[in-house]
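Counting in this note's numbering, the sequence shown runs without a single skipped number right up to 295 at its last residue.
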Amino acid sequence: MTQTTLHKKTIYRFSGGTYKNLPQLIVIVLSIVSLAVFQDFLESQRNGYSFYLSESILFKTVWFLFIPQLALIKRILSNQKIDSFSKKVSLIVLSIAIHLIVLTLVFSLCSIIFFNGSYSIYKIVSYTLANDFYKLVIVYAAFVFIHKYLSNKIPEKVTLNNKIGTQKIVIANGKKRTILEVNDIYRITAETPYISIQLEDKKYLHTETLKSISTQLDNSMFVRVHRSTIVNMDKVVSLKSRLNGDYDILLKNGIELRLSRTYAANFKSMFKNTHQVST
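What follows is the structure, encoded as structure tokens:
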């Protein structure tokens, strides 16, 4: 009994890289920090107290930590299945907790190095919770839910690389194995319960249906010309009209096939730029 081993079509999935939008995120964060620092300056002028740029920037550290955190969250959302509401909330809570811990450590270190330890951990945490906690909740919640919403509305782009397709067909007849290069095929026709694979001067019977094998071949190369025939467009020499809606296809090995009017429009549109149509 003849059996077949076919190389499966490769599916390539393309999704935006984890750090694809990192430059935009950095610009947004720097813009927010600049506006916040400017706001501090205006506030100091209005109330008549001194303005210290370094101190103002230090208290805006909370914004800088959004950059690595959001990049990490995007990677998690892209690689992990987080569909349930509870999982989303858990991710948001975990992100806020990590942000607060890292912020406290960074703030404390900067305070010791640049401000002689002027700010205690209690002061840092209490200030952050009083002034920045709502920012953390809004940013992380919005990012997680909007990201998942957009992911559901715009499915991941999937491209079938039909230009590669199946490259070889292995035909087994007893202990004998014959490897056929797909590019060498001229036509494939249905010969129930088999299909016939025609090369230039040889023909092989094959236990596969025409419909099944057509889904595994490059559909820009192998085109159906009749309900029982598929041809390799690279082997077509010319197309001649019968003036009744049907056409005759001439292959490079001299074989002439009929192109059914049912498949004529699709066939002609694919071949009009590379093959001659005679009338």
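Glycine residues also receive a C-beta, built at the ideal position from the N, C-alpha and C atoms.
Item, Value
"What three-state label does DSSP hand F283 in the structure shown?", "helix"
"Restricting to runs no shorter than 4 residues, where is the alpha helix (DSSP H) found entirely within the region 94-136?", "101-130"
"Under three-state DSSP, which class holds R277?", "helix"
"Mark S70 as exposed unless 16 or more other C-beta atoms lie within 10 angstroms of its C-beta, in which case mark it buried.", "exposed"
"Would you check if the region 194-204 and the region 139-155 touch, i.e. whether three or more CB-CB distances between them fall below 8 Å?", "no"
"Under 8 Å, Cβ to Cβ, is there at least one residue of chain B near I137?", "Absent here is chain B; the protein component of the structure consists of one chain."
"Looking at the unbroken beta strand (DSSP E) that takes in F256, where does it start and where does it end?", "Note on residue identity: the sequence assigns Lys, not Phe, to residue 256. Its beta strand (DSSP E) spans residues 252-257."
"Can you tell me whether S142 is buried or exposed, with buried defined as 16 or more other CB within 10 angstroms of its CB?", "exposed"
"Considering just the uninterrupted stretch of the alpha helix (DSSP H) at K227, what are its terminal residues?", "226-230"
"Which first and last residues belong to the alpha helix (DSSP H) in which E71 is found?", "69-74"
"Taking only the alpha-carbon atoms, compute the straight-line gap between Q214 and L41 and give it to the nearest angstrom.", "58 Å"
"Tell me the rounded alpha-carbon separation between I98 and A87.", "16 Å"
"Taking 6 Å as the limit between beta carbons, can you name the residues of its chain near L226, skipping five residues before and five after?", "A206, I211"
"Among V109, T120, C126, which residue has its Cα nearest to the Cα of F159?", "V109"
"For V239, which residues does DSSP report across the bridge?", "V247"
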